[in-house]
Amino acid sequence: MKTPAATDDNSLLLALLKDALTGNTRTYLIYCINPQGLLDVETPSALDLAQRVRGCATKAQTVRWNPKQTERGLREGIMELQTIIMSQRDSDVHSIHKLAEMTQNLQVTYTEPSHVGRSRAMLEVWLMIQQMVKNQSWKKKREESEKIKVKIKSCKSSQSNQQISGGRHADHNNESTETVKYLQEQLRREIEEHLREGRGSAEKVQEKVARIQQLKEALREETLKSGVVPEESQLCLQSQLEYNEAQERRRQLKEDHARLMQEEVVRMEEDLAREQPPTEGPQRELLVLSRERRILVLQMEALRTEAQQAETDLQDQHRRHQTELHCLREESLQVFRVFRQVSEEQRKLSEGRYRSLLLEAVQDAVHLSAQNQQLQADNKQLQKALGEIKDALVVRGDPRADLISQQE
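Per full-length UniProt numbering, the sequence shown runs over residues 1 to 408.
Okay, here's the thing in structure tokens:
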């Protein structure tokens, strides 16, 4: 087959292609118009496009892209972000998204995944970072538990040394009191954290419960060894002690009055026996009545004193019971306030977590819907362009039209 001679149009086309591909500061737009196509549609469109492109200004710039250097920079940035996230106690969402984006860019260096793969990779990285942060927090809790055990052992060893050496009982009590306070504070924090976090995996819940039980057991043992009595027990013991003291006081007062009455009766009998000769008649009866009247007055005074003492003890006991009741009421209200505060914080945290998850799900759904619509539109355009190419090939009688039909 002979090669057709180069016409003026072909020479012009070759010259334009050579000038466009050799490199310069000019921009070329080469548009092929099918003579057998719709001239009234393609020709105005081509002229309009050429008019718009004519006003564009381009600037030549030398770009040397090194994939190894880009990969190295991305890996260094990923390692730096992982270090920053691990150093923080709470994970930063911006840092996690940035880390996912850099990881995705590192993957794009070799392949270009779809949006679903990118979202999946971002979710996997986010879950990995969350798991790393949780593992780090649990490692810290285990370290704190080991510190508590070491401190309890040191307290026990110091207690044995003090019992052997002697003379340091006050220091030991102070140290035991501080240990009890420390254990109470740790137990309170663990319970609040357990209530705040809510439900989790079975392993984590069992570990939390075991840690709380361990703290309770250590607190109970330390309390028994140090002799520290709780506030409620102290109030009960103090109330019982004061009641016993008041009862003993009333009993002693009654015995004193009975002994005084007995002494007065003996004295009256001795006075009557010493009278020589004993008088008879109204004078003796008057003397006996006066002595009996004196004894009755003493008895009434003793009874009045006992009644006043009993009333005073009753008032003190009533006031003491009111104080105890007020303390118990305040303590109960404080416990309920703390429980309500913890419940409110837990509810707010759960609500915020659910809102953020719902917002992310809605955003992902909207983004996926937009991407789906865009892909459908691109697919329609590609199908339209493929149909036009097929029609053009059929009109020309090109055998590649049959190949395209078979591929469809």
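C-beta atoms are modelled at their ideal positions from N, C-alpha and C, and glycine is treated no differently. From a predicted model like this one, the values you see are computed outputs, not experimental measurements.
Closest in C-alpha terms to D316, from the list L237, Y354, G55, Y243, comes Y243.
Less than 7 Å separates the beta-carbon of L81 from that of S95. The DSSP-derived three-state label of C56 is coil.
T223 is positioned such that its CB atom lies closer than 7 Å to that of V180. Nearest in C-alpha terms to E285, of all of L272, I295, V297, A370, is L272.
Across the set R211, L333, A246, the C-alpha of R211 shows the shortest separation from the C-alpha of E190. Residue environment analysis places Q371 among the exposed positions, since fewer than 16 neighbouring C-beta atoms fall within 10 angstroms of its C-beta.
Between E306 and L260, the CB-CB gap reaches or exceeds 7 Å. CA-to-CA, the gap between L368 and E71 works out to about 29 Å. Taking C-beta atoms as the reference points, E263 and I295 fail to come closer than 7 Å.
For V366 and A15, the gap between their C-alpha atoms comes out near 49 Å. About 12 Å separates the CB atoms of I84 and M102; that is not less than 8 Å, and the two are not in contact. Judged by DSSP in its simplified three-state form, G73 adopts helix. Here T323 carries a helix assignment [DSSP, helix/strand/coil]. Taking C-beta atoms as the reference points, L215 and Q247 fail to come closer than 7 Å. Residue burial annotation: A50 is exposed, with fewer than 16 other C-beta atoms found within 10 angstroms of its C-beta. Classified as exposed, L325 has fewer than 16 neighbouring CB atoms from the shown chains inside 10 Å of its CB. L183 is a Cβ neighbour of A218, given a cutoff of 7 Å. Secondary structure at T223: helix, using DSSP grouped into helix, strand and coil. Collapsing the DSSP output to three states places D391 in a helix.
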